[in-house]
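Numbering (my numbering), first residue to last: 3 to 428.
Glycine included, each C-beta is placed from N, C-alpha and C at the ideal position.
Since the structure is predicted, the reported quantities are computational estimates derived from the model, not experimental observations.
Structure record follows, encoded as structure tokens.
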Amino acid sequence: MKFLIRGGKKLLGEIAVKGAKNAVLKAMAASLLFSRPITLENVPAIEDVSRLAELLEKLGAKTERKKERMLRIDPTPIKSGRLDTEIAKRLRASMVLVGPLLARRGEAIFPYPGGCVIGKRPIDIFLDGWKAMGAKINEANVSGATVGGFAIKAKKLHGTDFTFRVVSVTGTETLMMTAVLAEGKTVLRNAALEPEIPALAEFLNASGAKISGAGTSTIEIMGTGGKLLAARRPFTVIPDRIEAGSFLILGAALGKKIKVTDCNPAHMSALLAKLEDAGVRCEVGRNWIAVGRPKKILATSVQTREYPGFPTDLQAPFAALMTQAEGESVIFETIFENRFGYVEDLKRMGADIFVADTHRIIIRGPRQLRAREIESPDLRAGLAFLMAAILAQGESTVSNIYQIDRGYEKIDERLRKLGAEIERVE
Ligand code: EPU
């Protein structure tokens, strides 16, 4: 499957943001901690959710889409601590299952995690955290002799005082989830601050966990030393701030006016500040933001940072916007070391981009982009390509769209409603 896009269209209308990929995946993983079924609401229909549900099913859990946006997970029949190798090695987010699995079953066996090709993405911090809680870690072949991975065991996990040497989002979430069932108190220092973390803590606390400080750099967890009951009320997934941000950048490049609804503007202040710097007027309501393309887009440099800084996941879409800006902008990626895989294709489309080193690119604009056949290297670059193709004169194709479907629900249908000419073709 590919997307076929006829460029040169201005976009107009409203687009509603779905539930956050990077929140729902963690809530799904947390289900393993509970001794009762849980229900999640505002669950996006994206491929990563389907893959994680498959992984849960392979462990023995039952997952059921109740209504369109409701997912029920029954973790009680779980009978294995081994993640399915084929699925897990293609999905980096499979790592979030390991902590809860270890806490619940005393054992987790999994392959080296795969996922987006955006840097080394090691798991050393996770391993150190589990070791500090008393787990034994063996590197192992997890599927015959070919696939390397890990077997982690712990008869009993105990609380620990742990400092992250690098701020890690899934590292923080994973150790927080593991600590919930450990015995005694865990303190996590230099923890990540992303809004998905307090959201996960709120979900766990509603189910009997005792977590304080989530959303700050020090998180304290009083472990229950056993199982957790699950909350009876369904848990609502927070809006996807990266999807919302992607649509705002799209609106800044292409919008007569685009109103992004069902979002939380408080989670997007760094992007809004940069859009204002670029000359884009942002109208902000309680749960919506409206933008349009200004007469002149001004060159604006960004550095990606941990939350509340400018998100690395919006770096590629913002770079695509800067190809339309007057002057020179520097994009400095500080979180990952290999997140410029999209640059060569944007250059083939006519962008003027100089790669200074593995962390910095310099964009000179504005440049009229030309249609090309391009292949999406990862989820977020995929969205940047859709945007470039809508900006370009002529007919482009974007292939490897599984990468885009991993995190953006029915993006073609939703962009069509704004006036984009985009089709999904064989
Ligand atoms: N790191 C280590 N060792 C570790 C773990 C991380 O050195 O054990 C390093 C990474 O290599 C990276 C830095 O720490 O240089 C920060 O990475 P982090 O661990 O925070 O990233 P992540 O948790 O793997 C999540 C999101 C990503 C998002 C990043 C940064 C999920 C499932 N993924 O990844 O989202 O880019 O945080 O905000 O929550 C996406 O949605 O497209 C995506 C890639």
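For residue j and residue i, believed in contact at Cβ under 8 Å, the rounded distance
{"i": "THR188", "j": "GLY161", "result": "4 Å"}
{"i": "LEU385", "j": "TYR410", "result": "7 Å"}
{"i": "VAL19", "j": "ALA246", "result": "5 Å"}
{"i": "LYS276", "j": "THR302", "result": "6 Å"}
{"i": "ARG362", "j": "ILE333", "result": "7 Å"}
{"i": "ASN266", "j": "ILE240", "result": "7 Å"}
{"i": "GLY253", "j": "VAL293", "result": "4 Å"}
Beta carbon of residue i nearer than 9 Å to that of residue j
{"i": "ARG106", "j": "LEU35", "result": "yes"}
{"i": "ILE221", "j": "VAL182", "result": "no"}
{"i": "ALA373", "j": "GLY9", "result": "yes"}
{"i": "ILE291", "j": "THR325", "result": "no"}
{"i": "GLU43", "j": "THR238", "result": "yes"}
{"i": "ALA153", "j": "PRO115", "result": "no"}
{"i": "ALA322", "j": "PHE5", "result": "no"}
{"i": "ASP347", "j": "ILE376", "result": "yes"}
{"i": "LEU129", "j": "PHE112", "result": "no"}
{"i": "PHE205", "j": "ALA29", "result": "yes"}
{"i": "ARG366", "j": "GLU330", "result": "yes"}
{"i": "LYS419", "j": "ILE48", "result": "no"}
{"i": "VAL171", "j": "ALA137", "result": "no"}
{"i": "ARG159", "j": "TRP132", "result": "Going by the sequence as given, residue 159 is Leu instead of Arg. Yes, the pair counts as a contact, with Cβ atoms nearer than the cut-off."}
{"i": "LEU14", "j": "GLY421", "result": "yes"}
{"i": "LEU103", "j": "LEU61", "result": "yes"}
{"i": "ALA383", "j": "ASP242", "result": "no"}
{"i": "SER37", "j": "PRO77", "result": "yes"}
Residue i: CB within 8 Å of a non-hydrogen atom of the ligand EPU
{"i": "ARG123", "result": "yes"}
{"i": "SER170", "result": "yes"}
{"i": "ARG94", "result": "yes"}
{"i": "ARG53", "result": "no"}
{"i": "PRO313", "result": "yes"}
{"i": "ASN140", "result": "no"}
{"i": "ILE337", "result": "yes"}
{"i": "LYS91", "result": "no"}
{"i": "TYR309", "result": "yes"}
{"i": "GLY173", "result": "yes"}
{"i": "GLU285", "result": "no"}
{"i": "ALA128", "result": "The question names Ala, but residue 128 is Phe in the sequence shown. Yes, the ligand EPU has a heavy atom inside 8 Å of this Cβ."}
{"i": "ASN24", "result": "yes"}
{"i": "ILE17", "result": "no"}
{"i": "ARG369", "result": "no"}
{"i": "ARG382", "result": "yes"}
{"i": "ILE2", "result": "Not covered by the structure: residue 2. The range shown for the chain is 3 to 428."}
{"i": "LEU27", "result": "yes"}
Bounding residues of the alpha helix (DSSP H) (the contiguous stretch that carries residue i)
{"i": "LYS133", "result": "126 to 134"}
{"i": "LYS187", "result": "Where LYS187 is concerned, there is no enclosing alpha helix (DSSP H), although the beta strand (DSSP E) it sits in stretches over 185 to 191."}
{"i": "GLY253", "result": "243 to 256"}
{"i": "LYS349", "result": "345 to 350"}
{"i": "ARG426", "result": "No alpha helix (DSSP H) holds ARG426; the beta strand (DSSP E) holding it covers 423 to 427."}
{"i": "ARG416", "result": "413 to 419"}
{"i": "ALA18", "result": "Per DSSP, ALA18 belongs to no alpha helix (DSSP H); it is in the beta strand (DSSP E), 13 to 18."}
Residue i (DSSP reduced to helix, strand or coil)
{"i": "ASP380", "result": "coil"}
{"i": "ASP264", "result": "coil"}
{"i": "ASP359", "result": "strand"}
{"i": "ASP86", "result": "coil"}
{"i": "SER331", "result": "strand"}
{"i": "MET224", "result": "strand"}
{"i": "VAL100", "result": "helix"}
{"i": "THR180", "result": "helix"}
{"i": "GLY173", "result": "helix"}
{"i": "LYS138", "result": "strand"}
Start and end residues, beta strand (DSSP E) containing residue i
{"i": "ALA292", "result": "290 to 293"}
{"i": "PRO113", "result": "109 to 113"}
{"i": "LYS23", "result": "Here LYS23 belongs to no beta strand (DSSP E); instead the alpha helix (DSSP H) covers 23 to 32."}
{"i": "SER401", "result": "397 to 401"}
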